[in-house]
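Trainee: Sharing a structure with you now.
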Amino acid sequence: MDFKNNINYFKKSDTPKFVGMGMMVVGVLLLWLGMSYITYILSAVLIPIGLVLFFIGASGRAGDSEIDAFIKRRVDGMEVDLSEDRAYAKRILKHIPPQSIEDYEYREGLMLTKAKNSSLRSSEYTRSLLYILSDALYIPVRTISLVEDHTDNKLYEIPYDMISGIEITRERRTLPFGKQSFSAKITKLCITYGDSLTLSLPIHDDVGADRLVETIQKVMQDYQKAQKNTEQ
259 MDFKNNINYF KKSDTPKFVG MGMMVVGVLL LWLGMSYITY ILSAVLIPIG
309 LVLFFIGASG RAGDSEIDAF IKRRVDGMEV DLSEDRAYAK RILKHIPPQS
359 IEDYEYREGL MLTKAKNSSL RSSEYTRSLL YILSDALYIP VRTISLVEDH
409 TDNKLYEIPY DMISGIEITR ERRTLPFGKQ SFSAKITKLC ITYGDSLTLS
459 LPIHDDVGAD RLVETIQKVM QDYQKAQKNT EQ
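Start counting the sequence shown at 259; every next residue gets the next number (this note's numbering).
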């Protein structure tokens, strides 16, 4: 797989493309208006120069939509059918479907750029699937690189008895890349479990993030009540 265009997405500005497009538009307008000999000369200069700048800016660099499609291809196919495994079949909560959470990773050392909508993007992306079982969380996690052929797959199964905390954390951090600095809003689903272990998963910062925590906490409470009733 050729990652050169993805690397250029972070390293190469698309400003020449838009400058070239603007020059071509102005050149065409001047040619159409044809008010004087000078306008014809200007249009004859602006259109070819604009065309060259447009192709320089557009060639060899992935666009936002191409990056989106690349990510989708690399994170698809993570789903598992736990109902086919007898060890999990009876523990599935049928009223709670698997929850997909995902976002870019933000830390020093990653490539960074702004998309057309001004959102910050990085060269690493993580998608997680949360299967909320009756007694545990089953979590496949996949982290992909956008600029090299590297994929990291991990699987966590965390019994509710081991979980000491679950929350959404939000912070702002200034990260450098090249000659620029970017303000990154980092939102994570953080699960503390075992002997002070923490699993931090990138998640989009919206109302769904807090609702997900509430859902998990409710299932955990129901599990703890059921355990107490069994012991009595």
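Cβ atoms here follow ideal geometry from the backbone N, Cα and C, with glycine treated the same way.
1. Mark residue 446 as exposed unless 16 or more other C-beta atoms lie within 10 angstroms of its C-beta, in which case mark it buried.
2. How many Å lie between residue 324 and residue 405 at the Cα?
3. Find the nearest neighbour of residue 390 within the set 344, 416 and 454, judged by alpha-carbon distance.
4. Return yes when the Cβ of residue 400 is within less than 8 angstroms of the Cβ of residue 333, no when it is not.
5. How big is the Cα-Cα spacing for residue 455 and residue 364?
6. Which of helix, strand or coil does DSSP assign to residue 389?
7. Since I believe residue 387 is in contact with residue 358 (beta carbons under 8 angstroms), could you give me their beta-carbon distance rounded to a whole number of angstroms?
8. In angstroms with no decimal places, state the Cα-to-Cα distance between residue 412 and residue 436.
9. If we call anything under 8 angstroms between Cβ atoms a contact, is residue 434 one with residue 366?
10. Here's a check: name, in chain order, each residue in its chain whose Cβ is nearer than 6 angstroms to the Cβ of residue 427, leaving out the five neighbours to either side.
11. How many angstroms separate the CA atom of residue 351 from the CA atom of residue 372?
Mentor: Let me spell this out:
1. Locating residue 446 in the sequence shown gives position 188, where the first residue counts as 1. Classification for residue 446: buried.
2. Counting from 1 along the sequence shown, the entry for residue 324 is found at position 66. Counting from 1 along the sequence shown, the entry for residue 405 is found at position 147. Taking the straight line from one Cα to the other gives about 13 angstroms.
3. Your numbering for residue 390 matches position 132 in the sequence shown. For the residues 344, 416 and 454, the minimum Cα distance to residue 390 belongs to 416.
4. The count along the sequence shown starts at 1 and reaches residue 333 at position 75. The count along the sequence shown starts at 1 and reaches residue 400 at position 142. Cβ atoms of residue 333 and residue 400: closer than 8 angstroms.
5. Taking the sequence shown and counting its residues from 1, one reaches residue 455 at position 197. Taking the sequence shown and counting its residues from 1, one reaches residue 364 at position 106. The straight-line gap from Cα to Cα measures roughly 20 angstroms.
6. Here the question's residue 389 lines up with position 131 in the sequence shown. Correct three-state label for residue 389: strand.
7. Stepping through the sequence shown from its first residue, residue 358 is reached at position 100. Stepping through the sequence shown from its first residue, residue 387 is reached at position 129. Between residue 387 and residue 358 the Cβ distance is about 6 angstroms, and since that is below 8 angstroms, they are a contact.
8. Counting from 1 along the sequence shown, the entry for residue 412 is found at position 154. Counting from 1 along the sequence shown, the entry for residue 436 is found at position 178. Approximately 31 angstroms between the Cα atoms of the pair.
9. Locating residue 434 in the sequence shown gives position 176, counting from the first residue. Locating residue 366 in the sequence shown gives position 108, counting from the first residue. For residue 434 and residue 366, yes; Cβs fall inside 8 angstroms.
10. For the purposes of this step, residue 427 is taken as residue 169 along the sequence shown, with counting starting at 1. Excluding residues within five positions, the ones whose Cβ falls inside 6 angstroms are 446 and 448.
11. Position 93 of the sequence shown, counting from 1, holds the residue named residue 351. Position 114 of the sequence shown, counting from 1, holds the residue named residue 372. Computed Cα separation, rounded: 40 angstroms.
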